[in-house]
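S.K.: Keeping their order, the protein sequence lines are chains A and B. Residues in the first sequence are numbered from -12 upward in steps of one, following the numbering used here. Residues in the second sequence are numbered from 300 upward in steps of one, following the numbering used here. The following block contains the structure, expressed as structure tokens.
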Amino acid sequence: MVRVDGRGDGKSLVCVRGLEKNYRRGSEVIHVLQNLNLDVDKGEFVAFMGPSGSGKSTLLNLLGGIDLPSKGSITVDGDEISHMSGGKLTTWRARHVGFIFQMYNLLPVLTAFQNVELPLLLTKLSGAERRKHVETALSVVGLADRMNHYPRQLSGGQEQRVAIARAIVADPTFLLCDEPTGDLDRKSADEIMALIERLVREFGKTVLLVTHDPMVAERANVTLHLDKGVLVEGTVAEARA
Amino acid sequence: MKYLHLLTANLKRKKIRTVLTIGSFVVALFLFGLLVIVRGAFSQGVDIAGVDRLFIINKVSIIQSLPLAYRDRLLATPGVKEVTFSNWFGGVYQDPKNFIPFFAVDEESYRQMYPEFHIDDDQWAAFMGDREGAVVGAKTAKRFGWKIGDRIPIMGTIYPGNWEFNIRGIYTAKRPQDDTTQFWFHWKRLDESSPQKGAVGWYIVRIKNPDDAAKVAKSIDDEFANSPYETKTDTEKAFAASWVKQMGNIEFLILSIGAVVFFTLLLVTGNTMAIAVRERTAELAVLKAVGFSDTFVMVFVLAESLFLAFIGGGLGLLLAKGWSLMGDPTGGLLPFFYFPVKFMIAGILLALAVGTIAGILPAISAMRLRVVDALRRV
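Right, dumping it as structure tokens:
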């Protein structure tokens, strides 16, 4: 279940209350997110849509613990992250968040295997255990045969699949996808979305995804729209009606 | 160790840049090694001088002699334990370029004064029993292929004429920095052929207590004050230091060159590391996003700088060591070509210090990098 009215019971996987994010540009204060509430249960696939500058990526950054809110609280799986210190937040991210970026953001000097292995380096797993996890993750995304390839030797779609494998390898609580198909052609985008759907359906992953593309958003269980820093369910027009 | 591949992978990113940066460390540390070796070559006598030995020369100049009669008066000076003496003998073997330090020594006392030099008793006895006998250092013997029993012709310069010596002994030394290039022969033989009889080049005395060096030196100079042959007494170390000083302020020269080289290296490496961090902003942000801490990222960048410094510095120092092992390139003028381990360690520490200073600012900027800002720049 996904709610934006703030009336959830607070037991959802993701629970956001009264979230605000402001930026200062000179003397001007820009309100990016205003009094935002959100409840997302485990296993949900939520797409965030909205015009440029509406605060979609900011919301995703806040949920992922790579940015801090100006006001309000964010609770993920019982952890209140909005007031965590930098060090604690880093540790929390390693355990709970899998990021998937528009530009893939793979390390070009590492092979697909080594890129996927990165989050596991922070764990106490042995080399053999890490290898097993990485091979499993690459198998899930269909790139087990490309594990020794460098990013430059892969297509855009394949790079994004490696990035997805990196995001899921440590079995995080949820996946945050920021325009994951934004740099791909339609066919590759469909493949990526099919993969994300499979992660939700077969592996029970919780996915929060930001997109401009209505066809991508259609594949989510729930689509939420951000308009001037406020979250609404369905289309903006529906919400206003 | 599980992070090592991250470090090495980054160094492979821009191979030419990595090679050039390592190369600058190689050149700088090789130069450091050369400077240390050359400094050591000039000042080796200072470093190894005996703490309990005093050196007595004519107050006018070292080339002015002292009377042999001073020996007994020196022995009678309070605080003096033993005395020996020698003369400089300018000699040429085959070619003037073949520099060898020839000394006419008092065979009765010289060996005892320098226990750091080792020679077999039977060889010394053979030397004592042969008026034309000589003892040479192992380095010189090796350099010219001399063996015991060889007869060596030497052309005298200060004491003109053709001199011939029988090699009766070869001395060695335990410490690599000890001088094993000297050529000793009987002072009596020199004295017999010298127009000025009983002329001693300099005296060396061993004192009973090194702490009394200044007091004993003053006593000796006072003893011979207002005589036709006034003396100037110094510790062996001070004498060696003043000898080095005559060649100019080698230490200052070396420090100046070293400082310029290392400052330049600092700028080069600092610039390299700054560029390396700037072009990897997004990657460092991704590392942080997936859970690597700020401290890890800082150490990671610093480690890269230190790795370059260690590899380049180590190679440079090894090259310098190799060069020192090839021996004296000056034909015997500076026989101590030796690169001590303590200076190799100092060199590595210096390289790591440069690596740290060069890497610290980029490392801190990487540590402070905000993930959101960095990703926004992509």
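Cβ coordinates follow ideal geometry from the N, Cα and C atoms, glycine included. As the structure is a computational prediction, the values presented were derived from the model and not from experiment.
#1: Quick check on DSSP: helix, strand or coil for B:Ala403?
#2: Compare the Cα-Cα distances from B:Leu649 to each of B:Arg430, B:Trp423, B:Leu564 and report the closest residue.
#3: Kindly say whether A:Gln147, judged by its beta-carbon, lies nearer than 8 Å to any beta-carbon of chain B.
#4: Taking contact to mean at least 3 C-beta pairs separated by less than 8 Å, is the region 52 to 62 of chain A in contact with the region 574 to 583 of chain B?
#5: Distance, Cα to Cα, B:Ile506 vs B:Val382?
#6: For A:Asn135, decide whether its Cβ has a neighbour in chain B, counting only Cβ atoms nearer than 8 Å.
#7: Could one say the Cβ of A:Arg173 lies closer than 8 Å to chain B's Cβ atoms, at least one of them?
#8: Roughly how many angstroms lie between the CA atoms of A:Ala226 and A:Met36, to the nearest whole one?
#9: With distances taken between CB atoms, is the gap from B:Arg450 to B:Gln422 smaller than 8 Å?
#10: Roughly how many angstroms lie between the CA atoms of B:Pro459 and B:Arg370, to the nearest whole one?
#11: For B:His485, count neighbouring Cβ atoms within 10 angstroms of its own Cβ and tell me buried if that reaches 16, exposed if not.
#12: Considering only residues of the same chain and omitting the five flanking positions on each side of B:Ile610, which have a CB-CB separation below 7 Å?
#13: Can you round the beta-carbon distance between B:Leu668 and B:Leu583 to whole angstroms, since I take them to be within the 8 Å contact cut?
#14: Note down, in chain order, every chain A residue with its Cβ under 8 Å from the Cβ of B:Arg312.
#15: Just reading off the beta strand (DSSP E) that A:Arg148 is part of, what are its end residues?
#16: My output table needs one value for A:Gly74: the three-state DSSP class, helix, strand or coil.
#17: Is it true that the region 43 to 54 of chain A meets the region 110 to 125 of chain A, where meeting means three or more beta-carbon pairs spaced less than 8 Å apart?
#18: Can you name the residues of chain B whose CB is closer than 7 Å to the CB of A:Ile53?
#19: Tell me, please, whether the region 8 to 24 of chain A touches the region 180 to 195 of chain A by the rule of three or more beta-carbon pairs shorter than 8 Å.
#20: In the region 530 to 542 of chain B, which residues sit with their C-beta less than 8 Å from some C-beta in chain A, listed in chain order?
#21: Would you tell me roughly how many angstroms separate the C-alpha atoms of B:Leu605 and B:Ala657, rounded to the nearest one?
#22: With a 10 Å radius around its C-beta and 16 neighbouring C-beta atoms as the bar for buried, classify B:Phe562 as buried or exposed.
#23: Whose C-beta lies closer than 6 Å to the C-beta of B:Val325 among residues of the same chain, with five residues either side of it excluded?
#24: Rounded to the nearest angstrom, how far is the Cβ of A:Leu109 from that of A:Asn102, given a contact under 8 Å?
#25: According to DSSP, B:Ile451 sits in a beta bridge with which residue or residues?
#26: Quick one: list the residues of chain A neighbouring B:Glu582, beta-carbon separation under 7 Å, in chain order.
#27: Could you check which residue in A:Gln147, A:Gly216, A:Leu195 has the C-alpha nearest to that of A:Asp28?
#28: Is DSSP giving B:Gln481 helix, strand or coil here?
#29: Ends of the alpha helix (DSSP H) at B:Ile610?
#30: Can you find the residues in the same chain that come closer than 6 Å, C-beta to C-beta, to A:Ala81, ignoring five residues on each side of it along the sequence?
#31: With a threshold of 16 other CB atoms inside 10 Å of the CB of B:Leu310, please say whether the residue is buried or exposed.
#32: Kindly indicate which three-state DSSP category B:Pro366 falls into: helix, strand or coil?
#33: Could you tell me if B:Ile519 is buried or exposed, where buried requires 16 or more neighbouring beta carbons within 10 angstroms of its beta carbon?
#34: Buried or exposed: B:Leu319, going by 16 or more other Cβ atoms within 10 Å of its Cβ?
#35: In chain A, what lies closer than 7 Å to B:Ser592 by C-beta?
#36: Examine the Cβ distances between the region 483 to 500 of chain B and the region 397 to 412 of chain B and report whether three or more of them are shorter than 8 Å.
M.R.: Considering the structure as presented:
#1: DSSP places B:Ala403 in strand when its eight states are reduced to three.
#2: B:Leu564
#3: no
#4: no
#5: When rounded, the distance between both Cα atoms is 9 Å.
#6: no
#7: Not closer than 8 Å to any Cβ of chain B, the Cβ of A:Arg173 fails to qualify, so no.
#8: In this prediction, A:Ala226 scores a pLDDT of 44, lower than 50, which makes its location untrustworthy; no coordinate-derived value is stated.
#9: For B:Arg450 and B:Gln422, no; Cβs fall outside 8 Å.
#10: For B:Pro459 and B:Arg370, the distance between alpha carbons rounds to 27 Å.
#11: Buried: at least 16 other Cβ atoms inside 10 Å.
#12: Ile321
#13: 6 Å
#14: Pro95, Val96
#15: Here A:Arg148 belongs to no beta strand (DSSP E); instead the alpha helix (DSSP H) covers 143 to 155.
#16: helix
#17: Counting Cβ pairs under 8 Å, fewer than three are found: no touch.
#18: Per Cβ cutoff of 7 Å: Ala588, Val670, Val671.
#19: Contact fails: fewer than three Cβ-Cβ distances are below 8 Å.
#20: Within the region 530 to 542 of chain B, no residue qualifies.
#21: 9 Å
#22: With a threshold of 16 other beta carbon atoms within 10 Å, B:Phe562 falls short and is exposed.
#23: Gly611, Leu614, Gly615
#24: No, A:Leu109 and A:Asn102 are not in contact; Cβ-Cβ is about 14 Å, not under 8 Å.
#25: B:Phe464
#26: Leu94
#27: A:Leu195
#28: Here B:Gln481 sits in coil by DSSP.
#29: Residue range 593 to 624 is occupied by the alpha helix (DSSP H) that includes B:Ile610.
#30: Leu109
#31: The residue is buried, with at least 16 neighbouring Cβ atoms inside 10 Å.
#32: Note: B:Pro366 maps to strand in three-state DSSP.
#33: Buried, by the Cβ-count rule.
#34: exposed
#35: Gly74, Thr77
#36: Verdict: yes, contact present.
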